[in-house]
Amino acid sequence: MLSSQGLCTVTAAFLHFFFLASFCWVLTEAWQSYLAVIGKMRPRLIRKRFLCLGWGLPALVVAVSVGFTRARGYGTASYCWLSLEGGLLYAFVGPAAVIVLVNMLIGIVVFNKLIHVHCDCQQRHVSPNLRRASLWSSCVVLPLLALTWMSAVLAITDRRSTLFQVLFAVFDSVQGFVIITVHCAMRREVGSAFNNVT
473 MLSSQGLCTV
483 TAAFLHFFFL
493 ASFCWVLTEA
503 WQSYLAVIGK
513 MRPRLIRKRF
523 LCLGWGLPAL
533 VVAVSVGFTR
543 ARGYGTASYC
553 WLSLEGGLLY
563 AFVGPAAVIV
573 LVNMLIGIVV
583 FNKLIHVHCD
593 CQQRHVSPNL
603 RRASLWSSCV
613 VLPLLALTWM
623 SAVLAITDRR
633 STLFQVLFAV
643 FDSVQGFVII
653 TVHCAMRREV
663 GSAFNNVT
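Counting with the numbering used here, you get residues 473 to 670 for the letters of the sequence shown.
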């Protein structure tokens, strides 16, 4: 029993980390879209910042949560996730909600910049393909992420209702399909690499 409880605690901590990391990586995608639209991409510097944001911020949140709670609340008798008692779930919901809010704000700014067709110097450097990808990201991927995780939180808090569990499964599946489509199927680099292999 003790070893399975320890394994459940470790599993819950890793789930906390990787779910927050998925949110942070979507935030980096929104940030990258914004930088691409305003024409200020510097790949080497951006890569380091993205790595710090994508992996470092979730590690910090989980480390602080584990440190303050001494891992109490990571895993319960019923499931290996954050406990609803004691408020530990807010160590996930809080940062996730802030990230979704920031993503939506960045999405609105990117959408606004892409819609307004002013011919200033910064926007001349933005290719139409990059505009479409940024527009797609801000209009489809970010709201889909928000819907997915709102339904997940509602499924966890209202376990009697299967509606939110079904909605989470549907939104999560659609989100996976959209991400694979946008980042693999629609990218020229992936298509040329695939053609070189076959």
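C-beta atoms are modelled at their ideal positions from N, C-alpha and C, and glycine is treated no differently.
As the structure is a computational prediction, the values presented were derived from the model and not from experiment.
Distance between beta carbons of residue j and residue i, contact taken as under 8 Å
| i | j | result |
| --- | --- | --- |
| Val509 | Val582 | 5 Å |
| Thr483 | Gly558 | Going by Cβ atoms, the distance from Thr483 to Gly558 rounds to 18 Å, so no, they are not a contact pair. |
| Ala568 | Leu492 | 7 Å |
| Gly545 | Leu554 | 6 Å |
| Val534 | Ala485 | 6 Å |
Straight-line Cα distance separating residue j from residue i
| i | j | result |
| --- | --- | --- |
| Leu525 | Val638 | 31 Å |
| Tyr551 | Cys480 | 8 Å |
| Leu507 | Gly478 | 43 Å |
| Leu564 | Gly511 | Per the sequence shown, the amino acid found at residue 564 is Phe instead of Leu. Looking at the two C-alpha atoms, the distance is approximately 33 Å. |
| Ala657 | Arg542 | 44 Å |
| Phe640 | Val646 | 10 Å |
| Phe540 | Thr629 | 23 Å |
| Arg521 | Leu499 | 12 Å |
| Val538 | Phe489 | 11 Å |
| Ile587 | Ser633 | 40 Å |
Close-in-space but distant-in-sequence residues of the same chain around residue i (CB under 8 Å, 5 per side omitted)
| i | result |
| --- | --- |
| Met576 | Leu614, Pro615 and Ala618 |
| Cys496 | Leu525, Gly526, Trp527, Leu529, Pro530 and Ile571 |
| Gly648 | none |
Own chain residues within Cβ distance below 7 Å of residue i, not counting five before or after
| i | result |
| --- | --- |
| Ile578 | Ala502, Trp503 and Tyr506 |
6 Å Cβ shell around residue i - same chain, five flanking residues per side excluded
| i | result |
| --- | --- |
| Leu626 | Phe636 |
| Ile652 | none |
| Arg660 | none |
| Leu556 | none |
N-terminal and C-terminal residue of the alpha helix (DSSP H) that residue i is part of
| i | result |
| --- | --- |
| Leu619 | Leu614 to Thr629 |
| Ala549 | Taken as a continuous stretch (DSSP letters only), Ala549 belongs to no alpha helix (DSSP H), as it is neither H nor E. |
| Leu633 | What sits at residue 633 in the sequence shown is Ser, not Leu. Premise fails: Ser633 is in no alpha helix (DSSP H) and is neither H nor E. |
| Lys512 | First-last for Lys512: undefined, no H or E at that position. |
| Val538 | Leu529 to Thr541 |
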